[in-house]
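Here is the structure we will look at.
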Amino acid sequence: MGYVGDEKAELDRNSPVTLAAKIKAPVFPVHGGKDKRAPVGHAHAMRAALSAAGRPRRK
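With the working numbering, letter number 3 in the sequence shown gets 0, and the count goes up by one each step, no holes.
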């Protein structure tokens, strides 16, 4: 499996969480509690970033 980079500054520049304000399409975040590749905290961080960027959460 490849990675975008290994330096924190590079990872931060390319992180969807950091770029949430630039996302224009609706996002439907789905995460499984047993996902071993991406901790559930990543999904929570993305939801918080989208909310902070003014992207409404569907109910």
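Think of the CB as a built atom: it goes at the ideal place given N, C-alpha and C, for glycine as much as any other residue.
Distance check for Asp9 and Val27, CA to CA, integer angstroms please. Within the sequence shown, the letter at position 30 stands for residue 27. Within the sequence shown, the letter at position 12 stands for residue 9. Near 22 Å, if we compare the C-alpha coordinates of Asp9 and Val27.
The alpha helix (DSSP H) with Ser48 in it runs from where to where? The count along the sequence shown starts at 1 and reaches residue 48 at position 51. Segment 37 to 49, the alpha helix (DSSP H) holding Ser48.
Between Ala46 and the rest of its own chain, which residues show a CB-CB distance below 7 Å, the 5 nearest in sequence each way excluded? Within the sequence shown, residue 46 is the residue found at index 49, counting from 1. Taken in chain order, the residues that qualify are Val14, Ala17.
If distances are taken between C-alpha atoms only, which option among Ser48, Asp3, His39 comes closest to Gly29? Residue numbering aside, residue 29 sits at position 32 when the sequence shown is read from its first letter. The residue with the shortest Cα to Cα distance from Gly29 is His39.
Using the C-alpha atoms, what's the distance from Lys5 back to Ser12? Locating residue 12 in the sequence shown gives position 15, counting from the first residue. Locating residue 5 in the sequence shown gives position 8, counting from the first residue. Taking the straight line joining both Cα atoms gives about 10 Å.
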